[in-house]
Amino acid sequence: MHLLAATPGAIDDGKEPVDLAQSPADILFISAADTELAALSQARADMDAAPSLRLANLTHLAHPLSVDLHIETCASKCKLGVARVLGGQGYWRYGVEQYAAHCQALGIPLALLPGDDKPDPDLALLSTVSEEDYAALWAYMVEGGPENTTRFLTYAQAMLTGSDKPAPAAPLLKSGLYWPGKGLADFDVISESWQENAPVVAVVFYRALVQSAGLEPIGGLVSELAKLGLNPLPIFVSSLKDPLSAATLQSLFETAPPSVILNCTSFAVGSPHEGDDSPQNPLTMKAANAAPVFQVVLSTSAEATWHEGTSGLSARDIAMNVALPEVDGRVLTRAISFKGEAFFDAATECPIATYRARPDRIAFVAQLAKNWAELRHTPLPERRVALILANYPNKDGRLANGVGLDTPAATIEVLNALVNQGYRIRNTPESAQALMQTILSGPTNWLTDRAQRSGGTTLPLGEYLTHFHRLPQQVQDQIAERWGTPESDPFFEDNAFRLSLFSYGNAVVGVQPARGYNIDPTDTYHCPDLVPPHNYLAFYFWLRHSFKTHAIAHMGKHGNLEWLPGKALALSETCMPEAVLGPVPHIYPFIVNDPGEGTQAKRRASAVIIDHLTPPLTRAESYGPMKDLEALVDEYYEAAGVDPRRIEILKKEILSLTTVTGLDEDAGLTGDEENDLAKLDAYLCELKEAQIRDGLHVFGKSPEGRLSRDLVQALVRIPRGDGKGENASLIRALALDLELNFDPLDCDFSAPWTGPKPAQLSGETAWRSHGDTVERLEEYAARLIEGEAAPGPASSAVLNQVEHVVKPKVTQCGPAELDGILTAFAGKFVPPGPSGAPTRGRLDTLPTGRNFYSVDSRAVPTPTAWSLGWKSANLLIDKHLQTHGDWPRAMLITAWGTANMRTGGDDIAQALALMGVKPQWDKANRRVTGFEIIPETALGRPRVDVTLRISGFFRDAFPSLISLFDSAARAVMELDEPDSANPAAARAKTEGIRPRVYGSKPGAYGAGLQALIDERLWNDRADFAEAYLEWGGYSYGAGNEGKRDRAGFEQRLSQTEAIVQNQDNREHDILDSDDYYQFEGGAAAAVAHLQGQDRPIYHNDHSRPERPVIRTLDDEIGRVVRSRVVNPKWIEGVKRHGYKGAFEIAATVDYLFAFAATTHAVKNHHFDLVHAAFLEDEETRDFIEEHNPAALAEIAQRLEEAIEKGLWIPRSNSARALLEQLRQR
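Numbering-wise (the working numbering), the sequence shown opens with residue 367 and increments by one.
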C-alpha cells in the first residue's frame, strides 16, 4: 500500500465553520478552557498598560475552514501566538499543524502549551519560542490565579518589547476546601454548617472554577445537598492525577469519611489500556470509605442545544465526561450546568462564557446522592430492595428474560444471599420453579387470561393519580394523548392497577411491564418513540412510593426502561427513563460480553452494572445422522482403492442420506460427487468443532466439573495478547509440541492428513484428515486441562496460564458476582472492570462481578480492528466476485454500538476498508485523528459504495464515528476517478452528495419488526420492508442529528447489491436474539421489496480476529440449526434450567421463524429438524410441558403459523396433527 500517495482527510463533525471575525493583535491566545479565557480577559482589563490581545476558544476552531479563516485574518498578522491544547496534538491536529506551519513560515513566535501540567514533547517540538520562554508561559498557566494570569500577559508583552520580565509563576494552592459565600475555607469552617451525624457527600471539582468565578453550579449543588439534610464537602483539585490533590483528598476523607462522592472533574485516573496497572485513584482509595462515585457533568454545550436536541451531550463531552470516567467506575448522573455567554469582551474580541447552573438537574443529582446515602445507612433488617425480571416478547413462556442467564435461579441466589446478610426477607420461594409458579399466578403482560389470576399487588387509582400529577406536565400530556385515561388501561380493574409484584418481606420480585406495543399493536407497531402506558408508571410508582424501595435491581440483559424515549444521556425531567425511575439507586446484573446495552443502562438510568459470566461453552461434537454420515464417509475413504464396488454403494448411501436430511443444501453440495464428498467431510468437521453454549449461567455460581473445563478450554483456544508463550492458542501449542507442522486454527478440514500420528493422539476413530487431527488435539487439550496428560514445552507455558490465571479467574466469578451485588445493595462502590467477549482473547474481563466499562470512543476503530476490517473487506469482495461474477458496487452494513464497543470498531473498519479509506491515529494516545484515502492504483480494485444502518445506541455512543464515516464517504464521493472504480462518486455526479448513514428516529431505538412478529401483524415481506424503512429512515452526519429522509434511505437500499452483518464472537448466535432478524431480516425484506429481487446476505464470522470467515446467511442458519439448535448436547444443557431452559427453546423457534419470514433463508428441513427435536421427541416435549407449558403452546403455535404462511411444508404427515393436539391443550 503506497501510503505516501494517500489523500489525507479531516473528520468533519458536521458543524458549520465559524468565522471568529477577529482583527489582529500583538498577542493571540487560544484555549478550550473557558475559565482561562475568562481569567485572561479579566487580567487584561485590570492592567494599566495592557497589551493588545485576542482570545479564541479552541472549540470554535474545530472545523478546518474555521482554522483557515482565523489564520488568514488574525493569526498570520499577530506578533506572538500561544495555544493551550488539552490532550495533545491528536485532539486538534489540523489546527496545530496549520498554526505551526504558518507561524514558522512568517517568523511569528508560537508556544503550543499542554492544556494540563503534563509535558508534551510533540507540542514543544512544534513551538518556536525559546525553552526558557516556553517554560515560563506554561508555568503561569499551570499555576493559575489572577496574579499568575497577569504575569503571563506581562511576560508575553516583555517577549515582544524587550522590557523587564515579571517574577516567575507563584505556586498556588493545588487543592483545598471551598464553601459558598466564604470562598476558600478550612474544615472547621465548613463543618460548622453541617448537621450532626448526617452522611457526608464529597463534591470534587476543578481548581480552575475557583480561579475564574465559575462556581455557580458547585454552589447550587452544595446548597441543595445541605437542604436535603446531607453534609456537603466541596473539594477543589487541580487534577485527580496530581499527587498534592490526591493527598488532600486522602486527608479530608480520613477526617470526614464520605458516604457518596459527586465528581465534577473530567477524564479518568485509570486507562482502558492499563487494566489493573492503573494508578491509584484518590476517589477509590481506602480513605474514600468505599463511597460510590457519581459523575456530574458541567457541559461545554449551550443549554438551548441540550434542551432542544436529543443527543444530550456533545461528542467531546461524551468522551471526557462519560466514557473515560466510566473507566474509573463512576456512574453518570446528569448535566447540572451548561455554557452560556456572560458577556462579549470587545477588547479581546471574544465571547466570555461561564457555567450556568440548571436547578432542576442539580435537585435530581442531590436527591440521587441522598438516596444512595440512605441505602448505605439503612440497617440491613430495614433495607427494602426490588428484583425486577424482564419479559419480552410479552408471553408467559418468555418471563424472566436475561441473555445467557438462568434468571429465575439467579433471583433465588440473590434472595438467599440477602437473607444470609441479615435482610428481613420472608417466605422466599424454595426453587426457581416455585418462583415462576408464583409469578404465573398473578397478572403478567400476556393479556389473554389476566383477569382469571389472583396474585400480585394493586395500586389504587387515587394513589396513582397523586404521583402521576407530580410528573412534568409534558409527560402527563404525552401519556394521556397516547393512552387516554388510567381507567382505560387493560391492567386497571376494581378501581386499581393490578401489578406483577410479589412481596417477600423487605424484598419484592416483579415482572417489568410491557412497553405498550402489546396493548394496541396495530396502531403502535410503527411508532418508534412510543411512551409507556399507565400501568407501566403504576408499577414503578408502587415500588418507589408504596413499597418505598431503597434500590431496584433489574435482573439480566435487558429490560426496556433504559430504552424509553428521551435524550441519549444527560437526561431532562421529561425524558421517560427519569420520569419512570426517578432518582432511585439502580443495580443491574448484566452479561459481561455486552458492553453496549449495559452502557445504555449506565448512561440513561444511572445503573451500577454487576457483570456476570457467559454461559458455559463447549464443542458441538457429532450426533445422530451427522455421526452416521461421518462414519460412512470414513468408511468410504478407507475403501478407496481397495473395493471399488463398495465405494459406489457407500457413495450412493452417503449422498442419499444427505438428501434426506437436507445436509446437501446446508453443505452447498452441487452434484459433483467427488467434490461433494470432500465438501461434506469438511462441513461435518466444522459443525463438530463449532463452539456452542452448554446451558446457562447462574448468577453467583461458577461453572464446575466438565462445564468449567470446557469453558477454560474455550478461553485458551485462540491466542490472547501477543499470542506468544503462555498467550498462545493451546491447540497450536500442542501442534508445535507434537511437531505436526500445521495450524489447527487455519486449515482445510477435509484435506488428507499426511503428517505424523503421535501416540498421544491415538484413538479408536479414523484419522485421515486435518479435521480429524484438530478433533484429536481438542480432546487431548481437554485431558491436559484436567491434568490427565503430560504437556510439552509450548503447551506447558499455556497450561501455566491455565492453572494460575484462567482457572482461578473462572472459579472466582460466582463469588465475585454475589459480592458485587451485595456491595451495591450496601450502597458502596463496585470496582470497575473491562467488558468484552472472554473467548475472543479477553481474559481481562474475568473475574466478573464488576461494574464494567467500554471503550474510549475517540480511539475507535483501533489499529487491531482495522487489521481485521481490512482482511474481512477483501475476503468479502473476493467471495462476492467469485459467487456473482462481478465486483460489488454498493453494500449495506449494519453497525451496532455493542459490537463496536466489544471489538474496538470492526464494523466501521470493514466499512472504511471497503471504501478504500484508512483511519489515522495519534501515536501517543491512540485516538483517531483523521483518515487517508488509499489511491485507486494502490487499492487494486473498485471502491464499494457503503451505507450504514446504525443502531440507536451506536448513534448515542459514537457520534465521532458517525462523523468519521460520513466525512470519509463524502470525501470518496468527491474524488475524480473513473465511474467503474468509484461507484459512489459516479452516483454523486447525478444524485449529488447524499447521506450514507441511516438510523432510528432521534430518541428512539430498534428496527421496528419485533411487534410485527410477536403480535402476528404481517401478511408478507412487504410489511417488514415498510417497518424497516419507516423506523430506519433518518439520516445522520454532516450536521444531521436524525433528519427524516426515508426517500434517501429507499434510494440507498434500491441500489444495494449485498447486505452485510458481522458477528464478532461465538458466545451467542443469530438464533439467540431478535436483533439479528430485525436488522438483517428487515434489510433483506426492504431490499427485496424495493428491487423486486433478493440480494445476497453475508453473515460474517469475526470470532477469530486473525482469521475472519465470510459466510452467507443461509449457510450460517444451517450451521446454527445443526451445531446448536437440534444438538442433543445443547438441549440437555438447557434442560438443567427448568422454566428458563424451556424459554430458551421457545425463543430459538421464534427467531428461526422470524428469519424464515423476513429472509426466506430458513429451509423446509430446518423446520422439520426443529419439530422433531422439540415436539416429536417425547422426552423433550414432556420437559417443556412440565416446566413451562406456555412455552410448549407458543412453540406449537409458531410452527403452525409457519405452515399457514407457507414457510414450512412438513415432511411428516403427523406434524400437523401433533401441532393441533398441542394447541388444544
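Virtual Cβ for every residue (Gly too), placed ideally from N, Cα, C. All of these numbers come straight from a predicted model, not from anything done at the bench.
The residues A798, Q799, H1553, in chain order, have a CB closer than 7 Å to that of G1504 in the same chain once the five nearest residues on each side in sequence are set aside. Rounded to the nearest whole angstrom, the CA to CA distance from L1081 to P725 is 50 Å. Below 8 Å, too few C-beta pairs join the segment 968-977 and the segment 1033-1040 to call them touching: fewer than three. In the structure shown, L491 adopts helical secondary structure according to DSSP, grouped into three states. With 16 or more other Cβ atoms from the protein chains shown falling within 10 Å of its own Cβ, A880 counts as buried.
The continuous beta strand (DSSP E) containing A756 extends over residues 751-757. By the criterion of a C-beta distance shorter than 7 Å, N1166 is surrounded in its chain by E1092, once the five residues flanking it on both sides are discounted. When C-beta atoms of the segment 1133-1142 are compared with those of the segment 1104-1114, three or more pairs fall below 8 Å, so the two segments count as touching. Within the same chain, and ignoring the five residues on either side of V384 in sequence, the residues whose Cβ sits closer than 7 Å to its Cβ are H426, H429, S432. Inside the segment 790-878, DSSP marks whole beta strand (DSSP E) runs of 3 or more residues at positions 823-826, 862-865, 867-869, 873-877, from first to last along the chain. For the 8 Å CB-CB criterion, A1239 and Q1276 form a contact. Taking a contact to require three or more Cβ pairs closer than 8 Å, the segment 980-991 and the segment 1049-1064 qualify as touching. When C-beta atoms of the segment 1504-1522 are compared with those of the segment 1474-1492, three or more pairs fall below 8 Å, so the two segments count as touching. Here DSSP, grouped into helix, strand and coil, assigns T1249 to helix.
Contact holds between the segment 1532-1542 and the segment 1485-1503, because three or more Cβ pairs, one in each stretch, are under 8 Å apart.
For the 8 Å CB-CB criterion, G528 and R573 do not form a contact. A distance of 8 Å or more separates the beta carbons of G695 and F1191. With contacts defined as CB atoms closer than 8 Å, R1412 and E1396 qualify as a contacting pair. Around D400, the same chain offers A719 as residues with beta carbons nearer than 6 Å, after the five sequence neighbours per side are excluded. If you draw a 10 Å sphere on the C-beta of N1041, you find fewer than 16 other C-beta atoms in it, and that means exposed.
Nearest C-alpha to T1525 among E1551, P1471, P1462, A1559: P1462. CA-CA distance, S397 to T515, rounds to 14 Å. Each residue's CA atom was taken as its position, placing V1226 and D1272 some 9 Å apart. Counting only runs of 4+ residues, the alpha helix (DSSP H) found wholly inside the segment 997-1027 occupies 1010-1027, in chain order. By the criterion of a C-beta distance shorter than 7 Å, H1136 is surrounded in its chain by F1108, C1113, D1114, F1115, A1117, W1119, once the five residues flanking it on both sides are discounted.
In this model, V1283 and Y1219 are separated by some 29 Å (Cα to Cα). Runs of the alpha helix (DSSP H) spanning 4 or more residues and lying entirely within the segment 581-666 occur at 582-593, 609-621, in chain order. According to the DSSP secondary-structure assignment, P1285 is paired through a beta bridge with F1297.
Counting the other Cβ atoms within 10 Å of the Cβ of F1319 gives 16 or more, which makes it buried. For G1270, the closest of A1279, G1306, P1229 by C-alpha to C-alpha distance is P1229. In the DSSP assignment, A701 falls outside any alpha helix (DSSP H) and lies within the beta strand (DSSP E) extending over 697-711. By the neighbour-count definition (other C-beta atoms within 10 Å, threshold 16), P795 is a buried residue. Annotation for P955: the continuous beta strand (DSSP E) segment containing it runs 952-957. Three or more pairs of CB atoms, one per stretch, sit closer than 8 Å, so the segment 1557-1566 contacts the segment 760-774. In this structure the segment 1002-1011 does not lie against the segment 1233-1249, because fewer than three pairs of beta carbons, one per stretch, are closer than 8 Å. Residue environment for A1148: buried (at least 16 other C-beta atoms within 10 angstroms of its C-beta).
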